[in-house]
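**Q**
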Amino acid sequence: MEIGSDLPDATVTRIRDSFARQGLMRLLGAELAEVKAGLVTIRLPFKPDLTQQHGYFHAGGTASIADSAGGYAGFTLFPQDSEVLTVEFKLNLINPAQGDWLEATGRVVKPGRTLTICQLDVWGVTPARRTHVATGLQTLIRVQGKPA
1 MEIGSDLPDA TVTRIRDSFA RQGLMRLLGA ELAEVKAGLV TIRLPFKPDL
51 TQQHGYFHAG GTASIADSAG GYAGFTLFPQ DSEVLTVEFK LNLINPAQGD
101 WLEATGRVVK PGRTLTICQL DVWGVTPARR THVATGLQTL IRVQGKPA
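At position 25 of the sequence shown the residue is numbered 25 (full-length UniProt numbering), and the sequence of numbers has no breaks.
Laid out in structure tokens, this is it:
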């Protein structure tokens, strides 16, 4: 399946249902913005509760949506009877995370039977501009037969 191509409805529903069960994403107010094959975008609207002492989005929220975007990007390519877990990820914070919302995109770079590698990018967005605020890599493991 080509990265960025449309997915069967059943796969999109599986991703959306799994995302809806994530307590942290719900607590943060994050939402799925795009679900394609090997490509998922999560949006996090600005709230003062999500900031650090200088008023920027906290790195914890930035990292959380980046991790989930990559995890779900990999999950889109996994078989129905499997689940996903993050093995590791590295995120470089390259600009202050500010804007009306953050947009994290996970994109599969190397799919695998056991391990999958994803590129993570986070953007601070306003109606007038997009600023690249974080970039990184992630390794996922496919867990066979694990219920969601």
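Note that CB positions come from ideal geometry on N, CA and C, so glycine has one too.
Among ARG16, TYR72, LYS90, TRP101, whose alpha-carbon lies nearest the alpha-carbon of TYR56?
**A** Locating residue 56 in the sequence shown gives position 56, where the first residue counts as 1. Nearest C-alpha to TYR56: TRP101.
**Q** If we call anything under 9 Å between Cβ atoms a contact, is residue 218 one with SER68?
**A** This structure cannot settle anything about residue 218, because the visible part of the chain is limited to 1 through 148.
**Q** Excluding the 5 residues flanking PHE19 on each side, which residues of the same chain have their C-beta closer than 7 Å to its C-beta?
**A** By one-based count along the sequence shown, residue 19 stands at place 19. MET25, LEU32, TYR72.
**Q** Using the Cα positions of ARG130 and ILE141, report the straight-line distance between them to the nearest angstrom.
**A** Within the sequence shown, residue 130 is the residue found at index 130, counting from 1. Within the sequence shown, residue 141 is the residue found at index 141, counting from 1. So the alpha carbons of these two residues sit roughly 31 Å apart.
**Q** Just the Cα atoms here: how many angstroms apart are MET1 and VAL122?
**A** In the sequence shown, the residue the question calls residue 1 occupies position 1. In the sequence shown, the residue the question calls residue 122 occupies position 122. Cα to Cα, the separation comes out at about 24 Å.
**Q** Do you know offhand how far ARG107's Cα is from GLY99's?
**A** Locating residue 107 in the sequence shown gives position 107, counting from the first residue. Locating residue 99 in the sequence shown gives position 99, counting from the first residue. Roughly 22 Å separates the two Cα atoms.
**Q** Run through the DSSP bridge pairs and tell me what LEU114 is partnered with.
**A** Residue numbering aside, residue 114 sits at position 114 when the sequence shown is read from its first letter. Residue 114 is actually Thr in this sequence, not Leu. Paired residues: none, contrary to the question.
**Q** Is DSSP giving ILE42 helix, strand or coil here?
**A** Counting from 1 along the sequence shown, the entry for residue 42 is found at position 42. Strand.
**Q** Under DSSP, the alpha helix (DSSP H) around ARG21 begins and ends at which residues?
**A** For the purposes of this step, residue 21 is taken as residue 21 along the sequence shown, with counting starting at 1. Looking at the DSSP string, ARG21 is not in any alpha helix (DSSP H), and its letter there is neither H nor E.
**Q** Let me know the secondary structure DSSP gives ARG129 once reduced to three states.
**A** Mapped onto the sequence shown, residue 129 falls at position 129. Three-state result, ARG129: coil.
**Q** Hey, how far is the Cα of LEU39 from the Cα of ALA30?
**A** Taking the sequence shown and counting its residues from 1, one reaches residue 39 at position 39. Taking the sequence shown and counting its residues from 1, one reaches residue 30 at position 30. Distance between the alpha carbons of LEU39 and ALA30 is about 17 Å.
**Q** Rounded to a whole number of angstroms, what is the C-alpha to C-alpha distance between LYS47 and THR105?
**A** Residue numbering aside, residue 47 sits at position 47 when the sequence shown is read from its first letter. Residue numbering aside, residue 105 sits at position 105 when the sequence shown is read from its first letter. Cα to Cα, the separation comes out at about 20 Å.
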